[in-house]
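When we follow the numbering used here, the leftmost residue of the sequence shown carries the number 1375, and every step to the right adds one.
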Amino acid sequence: MPQPLADVLAEVRTLLLDPALTRAVAAGRRRGQTPTVTRAELRPVALKGGPKLQIVTDDGSRPFTRNVAWGDEAAVAVDELLAEPFGNWHVETPSATVQVRITKKGDAQVHRSSPAPSAAVTSHDRAKQWLLDPGDPLFSVIGGNAAKRRQVDAFLRALAATLPAELPTPLRVVDLGCGNAYLTFAAYRYLASLGAQVQVVGVDVREDQRVRNTAVAAELGCSADVSFVAGTIEEASVPFTPDLVLALHACDTATDQALARAVRWSARWVLAAPCCHHDIAAQLKGSPAPAPFGELTRHAIMRERFADVLTDTLRASLLRLNGYRVDVVEFIDSAHTPRNLLLRARRTDASPTAAQRTEYENLTTEWSVTPALEKLLS
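Here is the structure:
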């Protein structure tokens, strides 16, 4: 239920100024307003000069870090950030996690939950709370550099946010276009660490990947639960109907093939991180843009970027029309990869509304495009 924004921000202020704060992030923007920075992150740190509140802001081109003393200096800095028209606040403390979303009407939607277990934040050089321990045997097999650990952790956090607390038994997972399967194995290791009974099948068109991944499964001692098949996304034979479908960085319409198969399976959950978007880009190039949007597609680089957005917008819309609730979120910071969107879908079996159908039809008609996913679902 929406709450008065002033009251909610007062609560957030109290949490931010408590040295027991774990971490807080402000991002997004309110309707019709733009903050002076794109993102702000706050956390307590222990420095030689004493405990401080660290504030990292990003203006879209580079981050800026400052450490302010608790008390009046921190209060001034926090009040400045609360005055910015951010669209979302996420605040973690040892006792609670508070998530705030500002609605179009200017009210606040608040979600409160118990925090994930974590160590107290006291040191500037503290160990990161990874969902999969960096010492896990998986990293000794696939390589454990910092960039890969960050990507694995970002993926697992998205996975954790998608699945319910009570998992089905067994939980059946198919990874379509799994490649070298390090995220396939990461998903298995993480879910198994929660005590879940998990069965995983990875699909890739290359036979050499199947052989290599099967050997890795044997090395990790999980061959009974994790297996691989060689075949196309559309036709590969898997031994069960999955609850969860993964499609991570499948190129161009391979993502559409994975989404279409997930829909045909009626998978309960889908996580797809799209890669390149050539199909819609080519269609935009071959037809004039509707007025007054000609400038969006006049230049090749702008047309390609717009095609990325339009492609994933239409994918999300088609999933909704097929009974899914869809969120489009950031997979991992764009500093690590520009292909950082994640389509996160949960099956609800809700029938599409007339307005949703009309919105999709208007969008495809105006831009004279026919998404690959629409063709596949037909």
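Just so you know, even glycine gets a beta-carbon here, dropped at the ideal spot from N, CA and C.
- The beta-carbon separation of Val1411 and Asp1432, rounded to 6 Å, stays under the 8 Å limit for a contact.
- A direct Cα-Cα distance of roughly 32 Å separates Leu1622 from Lys1478.
- By the Cβ neighbour-count rule, Ser1691 is buried, with 16 or more other Cβ atoms within 10 Å of its own.
- A distance below 7 Å between beta-carbons, with the five flanking residues on each side excluded, links Ala1448 to the following residues of its chain, in chain order: Leu1391, Leu1427, Val1442.
- With a minimum length of 3 residues, the unbroken runs of beta strand (DSSP E) contained wholly in the region 1533-1557 fall at 1545-1550.
- At the C-beta level, Ala1560 and Leu1645 stay beyond 8 Å of one another.
- Counting other Cβ atoms within 10 Å of its Cβ, Thr1606 stays below 16 and is therefore classed as exposed.
- A Cβ-Cβ distance of about 7 Å is found for the pair Val1577 and Asp1549, placing them in contact under the 8 Å criterion.
- Under DSSP, Ile1607 forms no beta bridge with any residue.
- DSSP places Lys1522 in the helix class (H, G or I) of the three-state scheme.
- Contact annotation, Gly1461 with Arg1397: C-beta distance approximately 18 Å; criterion of less than 8 Å not satisfied.
- Annotation: Ala1610 to Phe1602 spans about 10 Å, alpha carbon to alpha carbon.
- In the DSSP assignment, Asn1462 forms a beta bridge with Ala1401, Arg1475.
- Judged by their CB atoms, Arg1387 and Ala1400 are not nearer to each other than the 8 Å cut-off.
- Annotation: the continuous alpha helix (DSSP H) that includes Ser1514 extends over 1511-1516.
- Residue pairing by DSSP puts Ser1601 in a beta bridge opposite Val1575.
- By the Cβ criterion, the region 1689-1704 is not in contact with the region 1663-1673, since fewer than three pairs of Cβ atoms, one from each stretch, lie closer than 8 Å.
- With fewer than three CB-CB distances shorter than 8 Å, the region 1630-1638 does not count as touching the region 1591-1599.
- Annotation: the continuous beta strand (DSSP E) that includes Trp1643 extends over 1643-1647.
- For the options Ala1728, Cys1650, Glu1678, Ala1647, the alpha carbon positioned closest to that of Gly1660 is the one of Glu1678.
- Annotation for Phe1438: the continuous beta strand (DSSP E) segment containing it runs 1437-1443.
- Residue range 1413-1421 is occupied by the beta strand (DSSP E) that includes Leu1416, with no alpha helix (DSSP H) assigned at that position.
- Secondary-structure assignment with DSSP links Gln1428 through a beta bridge to Arg1417, Asn1441.
- Note on geometry: alpha-carbon atoms of Ala1729 and Thr1588 lie some 47 Å from one another.
- Within the same chain, Cβ atoms closer than 7 Å to the Cβ of Pro1511 are found at Leu1594, the five residues on either side in sequence being excluded.
- Where Asp1701 is concerned, the enclosing beta strand (DSSP E) starts and stops at 1698-1704.
- Its Cα nearest to that of Ile1429, the residue Arg1440 stands out among Asp1686, Arg1440, Ser1742.
- In this structure, DSSP gives Ala1528 a helical state, which the three-state scheme calls helix.
- The beta carbons of Ala1532 and Arg1721 sit no closer together than 8 Å.
- Annotated three-state conformation of Arg1694 is helix, per DSSP.
- DSSP, read as helix, strand or coil, puts Gln1583 in helix.
- In the displayed model, Ser1567 falls within a helix according to three-state DSSP.
- Spatial neighbours of Pro1664 in its own chain (CB-CB distance under 7 Å, excluding positions within 5 residues in sequence) are listed in chain order as Glu1740, Trp1741.
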